[in-house]
Amino acid sequence: KVTYNSHIKRVLKGKLNLAIADGSVSVDGREIYTAEGLRVGVFTSTENF
Numbered sequence: 135k136v137t138y139n140s141h142i143k144r145v146l147k148g149k150l151n152l153a154i155a156d157g158s159v160s161v162d163g164r165e166i167y168t169a170e171g172l173r174v175g176v177f178t179s180t181e182n183f
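The sequence shown begins at 135 in the numbering used here and counts up by one.
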């Protein structure tokens, strides 16, 4: 099982909502990757995709 986690540190609201976050990827409960300062797009709806 692959799990993606993000710890949101800051949210920038504008035309596009953007979150600054730290993240990690785990496989079968074992963390295999971490990253800091990720920029993540935050969407309230996927209707217009």
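Glycine included, C-beta positions come from ideal geometry on N, C-alpha and C.
Per DSSP, reduced to three states, the secondary structure at N151 is strand. Taking C-beta separations shorter than 8 Å and ignoring five residues to either side along the sequence, the partners of L152 in its chain run V145, L146, R173, V174, G175, V176, following chain order.
The C-beta distance from S179 to A155 rounds to 20 Å, too long to fall under 8 Å, and the pair is not in contact.
In the DSSP secondary-structure assignment, E165 is bridged to S160.
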